[in-house]
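One structure is given here, and the rest of the page talks about it.
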């Protein structure tokens with residue numbers, strides 16, 4: 021996985037956390053775990069990505085398009101689901117975000133929804 025894909029996955033996870041208008045401590049902990057895993061090799065600047073999501077509100081389709089391999093697209097989706105589920109519940113706003121994310125990533129609705 022290259023740095024661009026790592027950055028895109030972390031961006032999508034942050035977008036998932038904020039899909040319902042905020043993020044819980046459990047969601048933040050899950051994002052930290054994901055950032056550590058992804059940034060171990062690429063030296064991702066999680067703070068800069070966090071600021072970008074908060075201030076610039078990146079376009080979902082544009083971020084998803086940076087992930088080119090189908091296995092990485094599936095991973096991105098599953099990581100976003102983990103962030104949404106981290107606080108024990110997936111809100112309707114988070115479910116709607118995950119539906120848009122699956123579509124932006126080009127994932128089949130059946131397998132994507134089976135994971136959520």
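Residue numbers (the numbering used here): 21 to 136.
Glycine is no exception: its CB is placed at the ideal position from the N, C-alpha and C atoms.
Nearest candidate by alpha-carbon position, reference residue i, set the options
i: residue 71; options: 127, 122 and 27; result: 27
i: residue 75; options: 87, 34 and 100; result: 34
i: residue 29; options: 107, 48, 127 and 85; result: 85
Start and end residues, alpha helix (DSSP H) containing residue i
i: residue 71; result: 66 to 76
i: residue 88; result: Looking at the DSSP string, residue 88 is not in any alpha helix (DSSP H), and its letter there is neither H nor E.
i: residue 119; result: 112 to 125
Reduced DSSP secondary structure (H/G/I, E/B, other) of residue i
i: residue 132; result: Residue confidence is low: residue 132 scores 49 on pLDDT, short of 50, so the model does not pin down where it sits. Its coordinate-derived value is still stated next. In the structure shown, residue 132 sits in a helix (DSSP, three-state: H, G or I).
i: residue 37; result: helix
i: residue 48; result: helix
i: residue 107; result: coil
i: residue 21; result: coil
Original post:
How about the segment 40 to 49 and the segment 92 to 100: do they share at least three Cβ pairs that are nearer than 8 Å?
Top reply: Result no; under three Cβ-Cβ pairs closer than 8 Å.
Original post:
Per the contact definition of three or more C-beta pairs closer than 8 Å, is the segment 48 to 56 in contact with the segment 115 to 130?
Top reply: No contact exists between the segment 115 to 130 and the segment 48 to 56.
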